[in-house]
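Start counting the sequence shown at 82; every next residue gets the next number (my numbering). Each residue gets a CB set at the ideal place from its N, CA and C atoms; glycine is no exception. These figures come from a predicted structure and were not determined experimentally. Have a look at the structure below before the remarks.
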Amino acid sequence: MITLDQIPMLAVPSMNDRHLEESLIINRLEVAVANNDIDEVYLILRELLEHTGLHYFDEEALMEETLFPTFKTHKKEHDRHLGELRSVIEYFDKHKDPRAVSAYIEGSLSAWTLHHADTMDRMLALFLEERATNASAAAK
């Protein structure tokens, strides 16, 4: 389970909100897997994919709009992660095996989500904060 104190706090509140929402979905998925609730796992996996896709879409639009220097690298990580999540969903749909989802959560998903937020998203948040500070100073 992802605890609140594990979620990195960034300079952009909306990014913190998205990370909290995503962590709560992952935690609900972990509970559904532990309860061997196939139907709930199915629904939450799709919710996670939809939420993550929207999260990345919004973040990538912001990176493009602000000419974030490492946009391409950041987007590649998003694409890789979404591809991995889609593969897990495809496997689950075929085999209805919650153990595979559990292995994904424990072996990759939770740690990757926190690491991505603390590294790549932190760099983006700092860039956005600096940009806002510079714009504010220039307006004075």
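Counting only the Cα atoms, tryptophan 193 lies some 11 Å from arginine 161.
If you ignore the 5 residues before and after histidine 100, its C-beta comes within less than 6 Å of the C-beta of Ile88 and Ala198, all in its own chain and listed in chain order. The alpha carbon of glutamate 131 has as its nearest neighbour, out of Ala181, Leu166 and Met201, the alpha carbon of Leu166.
Cβ neighbours of aspartate 202 within its own chain (closer than 7 Å, five residues either side excluded): Leu91 and Met96. With contacts defined as CB atoms closer than 9 Å, valine 114 and serine 183 qualify as a contacting pair.
Three or more beta-carbon pairs separated by less than 8 Å are not found between the region 204 to 220 and the region 116 to 131, which leaves the two stretches without contact. The alpha helix (DSSP H) runs of length 4 or more contained entirely in the region 157 to 208 are, from start to end of the chain, 179 to 185 and 191 to 197. Between the alpha carbons of leucine 126 and isoleucine 170 lies a distance of about 7 Å. The DSSP-derived three-state label of asparagine 97 is helix. By alpha-carbon distance to histidine 155, the top candidate from Leu148, Glu141 and Glu146 is Glu141.
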